[in-house]
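In my numbering, the protein residues as written are 3 to 377. What follows is a short report on a single structure.
In structure tokens, the structure reads:
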């Protein structure tokens with residue numbers, strides 16, 4: 003995998019680039035729909051390709067490890083062949099799921115012991131077997147195993163946690179060197195920069211990661227409870243250290259405004275469940291603001307969901323989508339999920355276009371105030 007930096011905005015750190023993988027080229031900045039179990043909830047791959055314009059999707063190591071399991075994935079020839087997605091795939095390391103399973107997991111130097119949320123069976127993730135698992139999944143981009151500490155962690159815990167993540171990264175890199183891809187395409191491993199909300203820990207983590215000479219880098223442990231302005235500050239701290247000629251991936255973030263703020267600070271890649279999760283709960287994003295489609299105000303609004311949006315958003319009216327949600331029709335969840343994902347891809351695509359044109363900062367200042375407005 004290689005990264006081609008094409009343009010940098012003259013008034014900010016926003017960048018436009020090309021991520022070259024064996025499964026295709028990804029234009030950055032990019033948003034990656036979350037396909038936790040090998041599928042994006044409520045959305046078929048044909049819609050992801052044609053309606054939404056997704057260039058890369060994310061799979062979840064923890065969930066795929068538990069179900070369908072490594073034996074089936076290996077027998078199928080990897081996730082690309084199993085789910086028929088022929089474009090790039092990124093897998094997370096399972097570290098965030100370990101964080102979210104705090105009541106049923108135990109951390110130690112070897113790795114993380116946890117119980118399955120499905121049947122209670124006991125498992126262990128180590129830096130080594132997490133690399134092996136992602137080899138079997140066959141992701142184009144793999145994440146190093148890490149601990150994601152809570153956003154309100156005190157300094158002592160954050161420092162101890164970072165030490166563990168650093169040692170785990172060293173073991174992941176070693177395992178990566180000892181193993182080979184299984185399905186004939188190359189794979190890259192991204193270190194994850196942790197350090198909670200402490201500037202010196204983030205700097206320490208960023209330097210340690212940058213020294214690995216990886217194909218790209220991820221910023222983790224943000225949007226987990228800390229104030230938004232602190233998140234932006236940590237992005238700036240980390241991106242000042244990470245190599246400028248490699249992609250930077252901000253994990254699990256966020257709202258449309260979060261994306262633009264992070265792009266302005268030099269982030270290239272994003273993922274988040276928000277477009278589909280909010281869509282399933284009748285919340286739609288647009289350049290004019292957010293809409294709750296269950297609200298009675300849309301009952302007789304026969305204008306398109308979004309006149310400038312994707313095909314489905316132009317085709318169906320707000321009143322019709324309101325009716326579907328009130329009637330608890332499954333089609334409502336599908337239309338809303340597709341609309342939100344298409345909007346996120348449109349947003350980062352527009353950001354890319356304005357970076358290339360050299361007027362990203364002006365464009366962002368015009369659209370940003372409207373994105374969080376409630377219609």
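Yeah, the Cβ is synthetic: ideal placement off N, Cα and C, and Gly gets one too.
Those residues which DSSP pairs with residue i across a bridge
| i | result |
| --- | --- |
| residue 18 | 9 |
| residue 306 | 319 |
| residue 93 | 61, 144 |
| residue 191 | 144 |
| residue 285 | 294 |
| residue 32 | 271 |
| residue 234 | Bridge partners of residue 234: none, in fact. |
| residue 4 | 22 |
| residue 219 | 250 |
Simplified DSSP state of residue i, which is helix, strand or coil
| i | result |
| --- | --- |
| residue 125 | strand |
| residue 214 | coil |
| residue 40 | coil |
| residue 224 | coil |
| residue 27 | strand |
| residue 115 | strand |
| residue 248 | coil |
| residue 155 | coil |
| residue 200 | coil |
| residue 45 | strand |
| residue 134 | helix |
| residue 257 | coil |
| residue 377 | coil |
| residue 109 | strand |
| residue 206 | helix |
| residue 329 | coil |
| residue 371 | helix |
| residue 167 | helix |
| residue 88 | coil |
Beta-carbon proximity list for residue i, same chain, < 7 Å, skipping 5 on both sides
| i | result |
| --- | --- |
| residue 199 | 153, 228, 232, 236 |
| residue 29 | 20, 57, 354 |
| residue 42 | 35, 36, 50, 59, 278 |
| residue 14 | 266, 362, 363 |
| residue 275 | 36 |
| residue 182 | none |
Option in the options with minimal Cα separation from residue i
| i | options | result |
| --- | --- | --- |
| residue 97 | 345, 296, 222 | 222 |
| residue 143 | 149, 150, 151, 133 | 133 |
| residue 345 | 313, 23, 327, 328 | 313 |
| residue 372 | 289, 315, 321 | 289 |
| residue 78 | 68, 163, 185 | 185 |
| residue 216 | 204, 172, 230, 206 | 172 |
| residue 123 | 146, 107, 136 | 107 |
| residue 244 | 268, 230, 263, 114 | 268 |
| residue 39 | 31, 62, 54, 24 | 62 |
| residue 168 | 128, 211, 135 | 211 |
| residue 44 | 343, 359, 358 | 343 |
| residue 360 | 3, 16, 4 | 16 |
| residue 367 | 377, 311, 262, 298 | 262 |
| residue 66 | 22, 24, 119 | 119 |
| residue 8 | 369, 72, 358 | 358 |
| residue 311 | 117, 331, 352 | 352 |
| residue 10 | 309, 156, 246, 105 | 246 |
| residue 298 | 126, 322, 318 | 322 |
| residue 369 | 209, 287, 317, 331 | 287 |
| residue 234 | 201, 206, 207 | 201 |
Proximity below 7 Å, CB of residue i to CB of residue j
| i | j | result |
| --- | --- | --- |
| residue 255 | residue 225 | yes |
| residue 291 | residue 339 | no |
| residue 329 | residue 259 | no |
| residue 140 | residue 82 | yes |
| residue 249 | residue 270 | yes |
| residue 214 | residue 175 | yes |
| residue 160 | residue 192 | no |
| residue 138 | residue 76 | yes |
| residue 128 | residue 113 | yes |
| residue 87 | residue 33 | no |
| residue 341 | residue 315 | yes |
| residue 350 | residue 90 | no |
| residue 145 | residue 102 | no |
Proximal residues to residue i (C-beta, below 6 Å), its chain only, five neighbours per side dropped
| i | result |
| --- | --- |
| residue 6 | 19, 20 |
| residue 204 | 197, 236, 239, 240 |
| residue 55 | 347 |
| residue 163 | 149, 151 |
| residue 365 | 356 |
| residue 324 | 295, 300, 301 |
| residue 3 | 23, 190, 217 |
| residue 99 | 64 |
| residue 72 | 138 |
Contacts around residue i, its chain only, beta-carbon distance under 8 Å, and the 5 residues preceding and following it disregarded
| i | result |
| --- | --- |
| residue 166 | 109, 111, 149 |
| residue 284 | 294, 295, 296, 327, 334, 338 |
| residue 320 | 293, 295, 300, 303, 304, 305, 306, 307 |
| residue 404 | Lying outside 3 to 377, the shown extent of the chain, residue 404 is not represented and no answer is given. |
| residue 52 | none |
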